[in-house]
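Since the structure comes first, as structure tokens, the remarks are kept for the end.
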Amino acid sequence: MDYDLIANASDVSVLIRFEERIDPKIASKVRNAGISVRNAALPWVTEIIPSYNELLVVFDQCQVAPAEALNAIAETVKGGGVSAEQKPRLFRIPVCYGGELGPDIGNVCDYTGLAEEEVIRLHSAPEYLIYMIGFTSGFP
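Taking numbering that gives the first Met the number 0, I'd label the letters of the sequence shown as residues 0 to 139.
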């Protein structure tokens with residue numbers, strides 16, 4: 000796997016960094032590295048945290064030394080570890096537009112000059128790739 004950096008990020012974590020940009024191809028590499036670590040079932044891994052271009056692997060330092068964890072994780076992701084890219088899961092999230100649950104739709108229409116139906120269509124039509132868990136206005 001072609002990462003840019005793999006290093007201990009703290010005394011309980013290893014960071015795998017890929018090219019620094021937001022891109023579905025980079026997200027795929029992060030996801031596949033996470034799958035590789037999860038599939039390796041390393042008993043001391045406690046958390047696998049993806050972001051736009053990095054994967055943080057948290058481990059239990061009572062079970063493994065930081066240097067050992069780094070080496071094991073590097074070996075795990077070195078060959079890619081995933082024989083075929085795992086297709087991302089699709090989640091459907093219900094959204095309410097207008098009324099008590101979506102009172103800002105009028106403001107959006109006024110600001111954009113679009114009809115309510117067009118705002119709803121534009122917002123709900125695309126599939127959105129989740130790079131990481133966080134918050135952006137209008138999106139869970």
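Glycine included, each C-beta is placed from N, C-alpha and C at the ideal position.
TODO: List the endpoints of the continuous alpha helix (DSSP H) containing P23.
DONE: Along the sequence shown, read from residue 1 onward, the residue named residue 23 stands at position 24. Its alpha helix (DSSP H) spans residues P23 to A39.
TODO: Using three-state DSSP, classify S9 as helix, strand or coil.
DONE: On the sequence shown, position 10 is the one that residue 9 refers to. Per DSSP, reduced to three states, the secondary structure at S9 is strand.
Task: V76 versus C61: straight-line alpha-carbon distance, rounded - done: The residue you call residue 76 lines up with position 77 of the sequence shown. The residue you call residue 61 lines up with position 62 of the sequence shown. If you take the alpha carbons of V76 and C61, they lie about 23 angstroms apart.
Open item on the list: Tell me the DSSP secondary structure of P65 in three-state form.
Closed with: The residue labelled residue 65 in the question sits at position 66 within the sequence shown. Correct three-state label for P65: helix.
Task: For I48, three-class secondary structure by DSSP - done: Here residue 48 refers to the residue found at position 49 when the sequence shown is read from its first residue. In this structure, I48 counts as strand in the three-state DSSP scheme.
TODO: Output yes or no for whether 8 angstroms exceeds the beta carbon distance between L128 and P23.
DONE: Position 129 of the sequence shown, counted from the start, is the residue given in the question as residue 128. Position 24 of the sequence shown, counted from the start, is the residue given in the question as residue 23. Taking 8 angstroms as the Cβ cut-off, L128 and P23 qualify as a contacting pair.
- [ ] Mind checking who I15 pairs with in its DSSP beta bridge?
- [x] Here residue 15 refers to the residue found at position 16 of the sequence shown. Beta-bridge partners assigned by DSSP to I15: I5 and L54.
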